[in-house]
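Each residue of the sequence shown is one higher than the one before, counting from 1 in the numbering used here.
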Amino acid sequence: MRLIRHTAALGIATAALGISTIAPVSAAPAEHAKSQEQSTQEQSDNLQSRIRWNHSVPKCARHGSLSTSGWTDHLKVKSHCGRSVWLKAVVNHGSDSRCKKVKAHKSMKHSWGYPGKLKWVEKC
């Protein structure tokens with residue numbers, strides 16, 4: 001981002017002096033596109049990292065996705081364990097899920113409305 005600002009400032013300064021240099025200014029959109037791609041990837045990584053796992057949840061069951069866009073949040077937890085695991089989603093200011101049996105290599109889903117926020121997923 002800093003490089004983009006410096007390049008744009010250089011382009012403006014040279015234009016003010018009447019010197020035409022197009023090359024530094026044309027590099028800015030490419031850098032901007034790269035930064036947008038990185039921020040999109042970081043946002044999707046952040047969505048994934050928002051799931052907090054209680055220490056009781058086995059590591060093989062700590063896979064899933066959390067969508068917090070819109071009025072309703074959606075959680076999907078997938079178990080890669082070789083056995084069934086009982087899991088529960090704990091939600092602040094919303095409805096917790098019931099204790100659900102997640103069979104081996106299957107998933108559970110839970111949704112809740114605003115203003116609820118996922119506290120963590122725990123073993124029950």
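No residue lacks a Cβ here, since even glycine has one placed at the ideal position from N, Cα and C.
Checklist entry - With distances taken from CA atoms, which of Ser56, Arg50, Leu66, Asn54 is nearest Met108? => result Cα-wise, what sits closest to Met108 is Leu66.
Checklist entry - Within 10 angstroms of its Cβ, does Gly64 collect 16 or more other Cβ (buried), or is it exposed? => result Taking all protein chains shown into account, Gly64 has 16 or more neighbouring C-beta atoms within 10 Å of its C-beta and is therefore buried.
Checklist entry - Which whole-angstrom value is the C-beta distance of Val77 and Val121, which I expect to be below 8 Å? => result The pair is a contact, with the Cβ atoms about 6 Å apart (cut-off 8 Å).
Item to check | Per-residue DSSP class, three states only, for Lys117 | outcome: Lys117: strand per DSSP, three-state reduction.
Checklist entry - What is the C-beta distance between Leu87 and Ala104, in whole angstroms, given that I count them as a contact (C-beta under 8 Å)? => result With a Cβ gap of about 13 Å, Leu87 and Ala104 do not count as contacting.
Next on the checklist: Along the chain, where does the beta strand (DSSP E) containing Asn92 start, and where does it finish?
Outcome noted: Asn92 -> beta strand (DSSP E) spans 85 to 92.
Checklist entry - Hey, Gly116 and Asn92 are a contact pair by Cβ (cut 8 Å); roughly how many whole angstroms apart? => result The beta carbons of Gly116 and Asn92 sit about 7 Å from each other, so the pair counts as a contact at 8 Å.
Checklist entry - Bridge partners of Lys100, per DSSP? => result As a beta-bridge residue in DSSP terms, Lys100 pairs with Leu87.
Checklist entry - In or out: His55 buried (at least 16 other Cβ within 10 Å) or exposed? => result That one is exposed.
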